[in-house]
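Note sheet for the following structure.
Residue numbers (the UniProt record's numbering): 1 to 311.
See the structure below:
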C-alpha cells in the first residue's frame with residue numbers, strides 16, 4: 001500500500017454499481033441489496049474502514065432499501081449517487097450447490113464526474129468499470145487520481161452484459177495498468193485469457209504495473225503474487241448456503257487488512273501474502289455460510305481467526 005494517509009484511520013472510496021438482488025430459490029423469492037462494488041463498500045465499513053460509495057440509486061423502493069443497508073453498515077453515500085433513473089436489479093437463481101446464475105436490468109450512467117475526496121484507497125470494479133457511459137466516467141476519474149493513492153480493481157466479469165469482448169478486454173487492460181491491486185476470479189481469468197495459465201495471468205498483471213495480483217479459486221482458495229513473492233492459500237471447508245458476494249468479501253478483507261495493518265514500504269513478501277490470503281479466504285467463508293452477501297464484521301473476523309481459549 002502507498003503511504004498517503006490523510007486521516008488517523010485510513011479511508012476508502014468505492015466507485016461502481018449498486019443492484020437490488022432478486023433471488024429465486026425453491027423456498028420463494030427474496031430481495032436483498034447487492035452489486036459487487038456496493039458489497040465491497042459494506043465489507044470495508046464492517047471491517048473498520050471509513051468508506052464512501054459513489055454509485056447510482058433511484059428514488060424508488062429498491063434505492064431506499066439499498067441506501068438503508070449502506071447506512072446501517074456505516075457507508076457514506078456520495079450525494080451525487082442519487083438519480084432520477086430506476087435502481088438496477090439482478091435476478092439470481094440459486095442452484096443446490098449454492099452457486100448462482102444472474103439476469104440483469106442495468107444502466108450505469110452517473111449524472112456527473114466522480115468527486116475525488118481525500119482518501120488512501122480507491123476501489124473500482126464490476127459493471128461500473130465496463131458499462132458505458134458510466135465506464136468512461138470511471139476511466140476519466142482514475143486519470144485524475146494522484147499517484148499517492150492506492151487503486152484497486154476487481155473486474156467481476158459478467159459476460160452476458162459485455163457484448164463486445166474485444167472492447168471489454170481492452171478496457172480491462174487499461175484499468176489494470178492503472179491499478180496497484182488487481183483481483184480476478186478464476187472465471188474472470190478464463191474469460192479474459194482462455195489460453196493462459198493462472199501463473200501467466202498473474203505475471204502479466206505484475207508486468208503491467210500491479211503491486212499485488214490475485215486470482216481467487218472458489219472453494220479451492222486463492223493465488224496471490226507480488227514482484228517479490230507468491231502464495232497459494234486454501235479456503236476453509238464450510239457448508240455453502242449462498243455464494244453471492246463471496247469474492248467481494250475476499251476483496252474487502254484484503255483491502256481492509258492492508259489499510260489497517262501498517263507495514264514497511266516495498267513489495268509484500270510470502271508471509272504477508274499468506275496472512276492476507278488466509279484472512280480474506282476466511283472472510284469469504286464466513287459470507288457463504290449465510291444468505292444475501294453479508295460480509296463479516298471486524299469482531300466476527302477477529303473471533304474466527306483467534307485460537308480457541310485454553311481450558
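Cβ atoms here follow ideal geometry from the backbone N, Cα and C, with glycine treated the same way.
Report task. Could you tell me the distance, in whole angstroms, from the CA atom of residue 192 to the CA atom of residue 201? Result -> 9 Å
Query raised in the report: Which residues does DSSP pair with residue 63 in a beta bridge?
Result: Note: residue 63 sits in no beta bridge, so no partner.
Query - Within the segment 189 to 254, ranges of the alpha helix (DSSP H) (whole runs, at least 4 residues) - result: 198 to 207
Requested in this report: With DSSP collapsed to three states, give me the class of residue 130.
Outcome: coil
Requested in this report: Determine the DSSP secondary structure at residue 272, reduced to helix, strand or coil.
Outcome: helix
Query raised in the report: Which whole-angstrom value is the C-beta distance of residue 246 and residue 292, which I expect to be below 8 Å?
Result: 12 Å between Cβ atoms; not a contact.
Query raised in the report: Quick one: what's got a C-beta closer than 6 Å to residue 280's C-beta in the same chain, skipping five residues either side?
Result: 250, 253 and 254
Query - Paired residues, beta bridge with residue 52 - DSSP - result: 13 and 76
Query raised in the report: residue 22 to residue 102, Cα distance in whole Å?
Result: 9 Å
Query - Distance between residue 163 and residue 308 (C-alpha atoms, nearest Å) - result: Confidence is the limiting factor: at residue 308 the pLDDT is only 44, short of 50, which leaves the residue's position unreliable and the question unanswerable from this model.
Query raised in the report: Is residue 138 near residue 122, with beta carbons less than 7 Å apart?
Result: no
Query raised in the report: Anyone know if the C-beta pair for residue 116 and residue 82 falls short of 7 Å?
Result: no
Query raised in the report: How do the segment 17 to 33 and the segment 60 to 80 stand: do at least 3 beta-carbon pairs fall below 8 Å, yes or no?
Result: yes
Query raised in the report: Hey, quick one: how far does the beta strand (DSSP E) through residue 154 stretch, first residue to last?
Result: 150 to 154
Query raised in the report: Got a sec? Which residues, its chain only, sit under 8 Å from residue 208 by beta carbon, not counting five neighbours each side?
Result: 173, 176 and 177
Requested in this report: Please report how far the alpha carbon of residue 13 lies from the alpha carbon of residue 301, in whole angstroms.
Outcome: 22 Å
Query - Local Cβ density within 10 Å of residue 167, reported as buried at 16 or more and exposed below that - result: exposed
Report task. Check whether the Cβ atoms of residue 151 and residue 180 sit closer than 7 Å, and answer yes or no. Result -> yes
Query raised in the report: Nearest to residue 269 by alpha carbon, out of 198, 228, 236 and 305?
Result: 228
**Report entry** Candidates 215, 125 and 211: closest to residue 197 by CA position
**Finding:** 215
Query raised in the report: What residue does the alpha helix (DSSP H) around residue 297 start on, and which one ends it?
Result: Element bounds for residue 297: n/a, residue is neither H nor E.
**Report entry** Cβ neighbour criterion (16 or more within 10 Å) applied to residue 310
**Finding:** Residue confidence is low: residue 310 scores 42 on pLDDT, short of 50, so the model does not pin down where it sits. Its coordinate-derived value is still stated next. Exposed, because fewer than 16 other Cβ atoms sit within 10 Å of the Cβ of residue 310.
Requested in this report: Drop a sphere of 10 angstroms on the beta-carbon of residue 109, count the other beta-carbons inside from all chains shown, and report buried for 16 or more, exposed for fewer.
Outcome: exposed
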